[in-house]
Every structure is written in C-alpha cells, then in structure tokens.
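See structure below.
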Amino acid sequence: MNDSFDLKHAQEKATTLQQDRKNLPIWPYRKQLVDAVKGCDNCVIISSTGTGKSTQLPQFLLEGGFTSSGAIAISQPRRIAAITVAQRVAEELGRGPVGLGPVGYCVRFEDCSDPQRTVLRYMTDGMLLREAILDPLLKRYSVIIVDEAHERSLNTEVLLGVVLNASRNRRASFNDKSGTRSSFLKPLKIIILSATIDPNAFVQFLGPKNTRVIYMEGRQFPIKILNALQPSSDYVADAATTCIQMHKLPNCPPDRGILIFLTGEEEITRCVALIRRLYSALLSERTKRPKNGDDCKQDIAGLAVFSLFAALPQAEQLKALSYQKPGSRKVIVSTNIAETSVTIPGIRYVIDCGYGKCP
Numbered sequence: 001m002n003d004s005f006d007l008k009h010a011q012e013k014a015t016t017l018q019q020d021r022k023n024l025p026i027w028p029y030r031k032q033l034v035d036a037v038k039g040c041d042n043c044v045i046i047s048s049t050g051t052g053k054s055t056q057l058p059q060f061l062l063e064g065g066f067t068s069s070g071a072i073a074i075s076q077p078r079r080i081a082a083i084t085v086a087q088r089v090a091e092e093l094g095r096g097p098v099g100l101g102p103v104g105y106c107v108r109f110e111d112c113s114d115p116q117r118t119v120l121r122y123m124t125d126g127m128l129l130r131e132a133i134l135d136p137l138l139k140r141y142s143v144i145i146v147d148e149a150h151e152r153s154l155n156t157e158v159l160l161g162v163v164l165n166a167s168r169n170r171r172a173s174f175n176d177k178s179g180t181r182s183s184f185l186k187p188l189k190i191i192i193l194s195a196t197i198d199p200n201a202f203v204q205f206l207g208p209k210n211t212r213v214i215y216m217e218g219r220q221f222p223i224k225i226l227n228a229l230q231p232s233s234d235y236v237a238d239a240a241t242t243c244i245q246m247h248k249l250p251n252c253p254p255d256r257g258i259l260i261f262l263t264g265e266e267e268i269t270r271c272v273a274l275i276r277r278l279y280s281a282l283l284s285e286r287t288k289r290p291k292n293g294d295d296c297k298q299d300i301a302g303l304a305v306f307s308l309f310a311a312l313p314q315a316e317q318l319k320a321l322s323y324q325k326p327g328s329r330k331v332i333v334s335t336n337i338a339e340t341s342v343t344i345p346g347i348r349y350v351i352d353c354g355y356g357k358c359p
C-alpha cells in the first residue's frame with residue numbers, strides 16, 4: 001500500500017459516511033436483496049435514481065460473503081461512472097485506496113485493480129466484454145452486476161447475452177456431478193439494475209423460473225416541477241438566461257448548484273459560453289452602479305460553469321463533478337450522462353430542455 005494513504009483517516013471517514021449509507025433508500029432492503037441473490041441465479045432490481053444501487057448493493061454482497069468464491073464485477077455504460085462510483089465505494093469501505101484495497105475499476109487504457117486484492121471491480125461494458133472473449137465462463141467472478149440497463153446500448157445488449165451464456169454453462173457444469181468443474185466453479189449470479197425500464201423483457205430473457213424482481217422506493221426529497229408557459233424557439237439560449245436569472249435570486253444561496261440538460265456537445269459548448277457571457281455582463285452592470293461604500297461585486301456570488309459529456313477528457317469530467325468552493329455556485333451543463341450514470345453532490349435545481357438524442 002502506498003505511503004500517502006492514511007488508513008486511520010480513511011477508517012474515520014468511512015465511519016462518518018456510514019450514516020450517509022443508512023440514510024439511502026436502499027438501506028432497509030439490504031437483507032432482502034442479499035437473500036434474493038442467494039436464492040436464485042438472476043435478479044432484476046428496479047428503482048429510481050439516487051437510491052444507492054450502484055454503491056451499496058456491491059457492499060451488501062461483500063458483507064454477505066459473495067466474494068469468497070470470486071470477485072464481483074459491476075459494469076457501467078460510461079467510464080466516468082465506473083471511476084467515480086469506485087472511488088466513492090472505496091471511501092465508504094475505508095480499507096484502502098482504489099486499486100490497492102478491495103475496490104478497483106477497469107476502463108479503456110486504465111486498469112486500476114489488482115487480481116489478488118480487488119473483489120469489487122467496476123468496469124465499462126466494453127472492458128467486461130473483452131474479458132469475456134478471453135474467458136467465456138468469467139471464472140474470476142461470482143456475481144455480475146449490469147448497471148444502468150435501461151440505457152440499452154449495443155454493448156449492454158451483447159454483454160447480457162454473453163453473461164447469460166456463461167451463467168447457464170456454469171450452472172450446468174455445477175449440476176453435473178460427474179464433471180470436474182463442479183468442485184471449484186460455482187454458478188454465476190446475474191443482477192440487472194435499472195431506473196426506468198419495464199422488467200418483463202429482462203425476466204423473459206433471463207428465464208422467469210429463476211429470476212427475482214425487486215422494486216424499491218427511490219425518491220428522497222420532494223420535487224417541484226415548473227414548466228415554461230410558452231414554447232421555446234431557442235432552448236439553449238433560454239436555458240442560459242434562466243440559469244442567470246436563478247443565480248440572481250436573493251433566496252437562492254450559492255451552495256445550491258444548477259444542472260442543465262441539453263442534447264449534445266455542440267449545444268453544451270454554446271450554452272456554457274452564453275452563461276459566462278451573461279454572467280460577465282451582470283458583473284459589469286453591477287460595477288457601474290453607485291457603490292455606497294461597499295464593493296458591489298459582492299452582491300453577486302461567484303459562478304463556476306462546467307461541461308459534462310461522454311467525449312470530454314476524463315480529468316475535465318472529474319473536475320466538474322468534484323468542484324466545491326465556498327461562495328461560488330456550480331453550474332453543470334450536461335447530456336444525459338448526469339441523469340442516471342452519476343450523482344452530483346450539491347445540485348438543487350435542474351433545467352431540462354426536454355429533448356434527447358435517440359439512436
């Protein structure tokens with residue numbers, strides 16, 4: 001373990017985070033979830049975003065003894081989700097940094113895991129598919145968790161077929177008492193996590209006789225929805241204007257972040273530029289007013305605007321997610337990568353254009 005890692009400090013932080021874990025909607029379901037996975041080969045878990053599925057379920061299975069016969073793989077559709085969720089779980093466990101303790105991740109061009117130590121391995125769908133090509137039975141794993149299944153990407157579709165084939169072959173081998181594999185290769189468990197999808201298609205695909213479906217309540221806070229009274233002729237510009245108007249409100253403190261959903265990189269780049277231009281104009285307008293003995297710039301809080309989309313460099317994505325500065329509001333302009341794949345701390349307001357790109 002590297003010298004810079006302070007185990008005592010990590011354990012103290014994990015103890016503090018334990019209360020946050022208990023406040024998540026998934027916490028009361030922990031025994032039910034572990035029992036369901038023990039009782040059948042396949043589980044489909046449905047709950048809205050913010051439940052804690054991605055971070056807590058692997059820890060429940062770790063505590064339930066599922067890693068005694070192999071590691072647990074958690075597939076994510078996006079690399080930023082695999083990295084950030086792994087980092088969060090490592091903090092909550094407090095048993096070593098990512099890659100040097102029980103938690104690791106594997107994304108394209110970066111494998112931050114250890115075959116001997118890592119038992120919770122977050123990875124992109126593509127990396128798990130690549131591993132399955134070399135090892136069709138996925139012998140390294142006892143459980144495969146397919147997260148964000150509602151996104152239904154091509155990688156996810158292929159991965160589900162590959163994982164199901166591995167599960168059936170391992171079950172057949174395990175049940176064949178005359179075979180040699182049954183003595184060391186246990187059945188592979190499959191868990192599908194989804195926020196919005198109808199589970200019936202997955203149940204039929206996995207096999208209804210050996211598949212459990214679990215629904216969980218997920219919404220932690222009341223939500224107030226306000227709709228525009230008139231159709232927008234330029235929703236990108238309107239989103240930027242609305243953001244600045246909210247930022248000026250006296251009852252909107254700067255620790256409440258704003259998340260804006262747009263459809264793609266071009267719209268996001270334009271919106272970020274508009275917000276920065278409007279904010280600069282707002283500051284210039286305030287400086288022209290009589291100061292009355294005070295620095296009038298202090299009337300307007302700081303504003304940090306970030307882009308977030310899949311093609312953005314990893315360092316820039318992490319910077320957007322982790323930014324925190326007292327007295328400054330964080331604004332993230334994002335594609336649907338921030339809708340279900342990652343949970344961004346400090347967000348209190350969402351501006352949604354209502355459009356999305358579909359294949």
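If you're matching positions, the sequence shown starts at 1 in the UniProt record's numbering and goes up one per residue.
Think of the CB as a built atom: it goes at the ideal place given N, C-alpha and C, for glycine as much as any other residue.
{"Query": "Quick one: grab the DSSP three-state call for residue 301.", "Result": "coil"}
{"Query": "What is the rounded straight-line gap between the Cα of residue 329 and the Cα of residue 254?", "Result": "4 Å"}
{"Query": "In whole angstroms, give me the CA-to-CA distance for residue 241 and residue 45.", "Result": "39 Å"}
{"Query": "Would you call the stretch 84 to 99 and the stretch 114 to 122 in contact, with 3 or more CB pairs under 8 Å?", "Result": "yes"}
{"Query": "May I have the straight-line CA-CA distance separating residue 297 from residue 283, to the nearest angstrom?", "Result": "At residue 297, the pLDDT of 43 sits below 50, so the modelled position is not reliable; the number obtained from the coordinates is stated separately. Spanning the two alpha carbons is a distance of roughly 6 Å."}
{"Query": "I want to see whether chain C comes within less than 8 Å of residue 328, judged by CB atoms only; does it?", "Result": "Of the protein chains in this structure there is only one, and it is not chain C."}
{"Query": "Tell me the rounded alpha-carbon separation between residue 109 and residue 91.", "Result": "23 Å"}
{"Query": "Output the distance between the C-alpha atoms of residue 165 and residue 147, rounded to the nearest integer angstrom.", "Result": "18 Å"}
{"Query": "Put residue 211 into one of helix, strand or coil per three-state DSSP.", "Result": "strand"}
{"Query": "Since residue 41 and residue 189 are thought to touch, with beta carbons under 8 Å apart, how far apart are those beta carbons, to the nearest angstrom?", "Result": "6 Å"}
{"Query": "Helix, strand or coil for residue 110, going by three-state DSSP, please let me know.", "Result": "strand"}
{"Query": "May I ask which residues mark the beginning and end of the beta strand (DSSP E) holding residue 375?", "Result": "This structure leaves residue 375 out entirely; the chain is present only between 1 and 359."}
{"Query": "Can you tell which of 262, 229 and 198 has the C-alpha that lies nearest to the C-alpha of residue 48?", "Result": "198"}
{"Query": "What's the gap between the Cα of residue 182 and the Cα of residue 170?", "Result": "The pLDDT assigned to residue 182 is 47, lower than 50, so where the model puts this residue is not dependable; a value taken from the coordinates is nonetheless given after this. Roughly 8 Å between the two C-alpha positions."}
{"Query": "To the nearest whole angstrom, what separates the beta carbons of residue 304 and residue 323, a pair I think is in contact under 8 Å?", "Result": "6 Å"}
{"Query": "Using 8 Å as the threshold, is the C-beta distance between residue 226 and residue 347 below it?", "Result": "no"}
{"Query": "Between residue 256 and the rest of its own chain, which residues show a CB-CB distance below 6 Å, the 5 nearest in sequence each way excluded?", "Result": "348"}
{"Query": "Rounding to the nearest angstrom, what Cα-Cα distance links residue 321 and residue 149 in this structure?", "Result": "23 Å"}
{"Query": "With 16 other CB atoms within 10 Å as the buried threshold, where does residue 1 fall?", "Result": "For residue 1, the predicted structure reports a pLDDT of 43, less than 50, and the residue's modelled location is therefore unreliable. A value from the coordinates is still provided. So residue 1 ends up on the exposed side."}
{"Query": "With distances taken between CB atoms, is the gap from residue 263 to residue 357 smaller than 8 Å?", "Result": "yes"}
{"Query": "For residue 232, which residues from the same chain have a beta carbon less than 7 Å from its beta carbon, with the 5 sequence-adjacent residues on both sides left out?", "Result": "238"}
{"Query": "Identify the continuous alpha helix (DSSP H) that holds residue 170 and give its terminal residues.", "Result": "154 to 175"}
{"Query": "Would you tell me roughly how many angstroms separate the C-alpha atoms of residue 337 and residue 12, rounded to the nearest one?", "Result": "32 Å"}
{"Query": "Please classify residue 358: does DSSP put it in a helix, a strand, or coil?", "Result": "coil"}
{"Query": "For residue 60, which residues in the same chain have their Cβ closer than 7 Å to its Cβ, ignoring the five residues on either side in sequence?", "Result": "30, 33 and 34"}
{"Query": "Starting from residue 235 and walking both ways along the beta strand (DSSP E), at which residues does that stretch end?", "Result": "Run containing residue 235: none in the beta strand (DSSP E); it sits in the alpha helix (DSSP H), 235 to 248."}
{"Query": "Who are the Cβ neighbours of residue 89 in its own chain at under 8 Å, not counting the five residues just before and after it?", "Result": "55, 58, 59, 103, 120 and 122"}
{"Query": "Between residue 7 and residue 331, what straight-line distance do the alpha-carbon atoms span, to the nearest angstrom?", "Result": "34 Å"}
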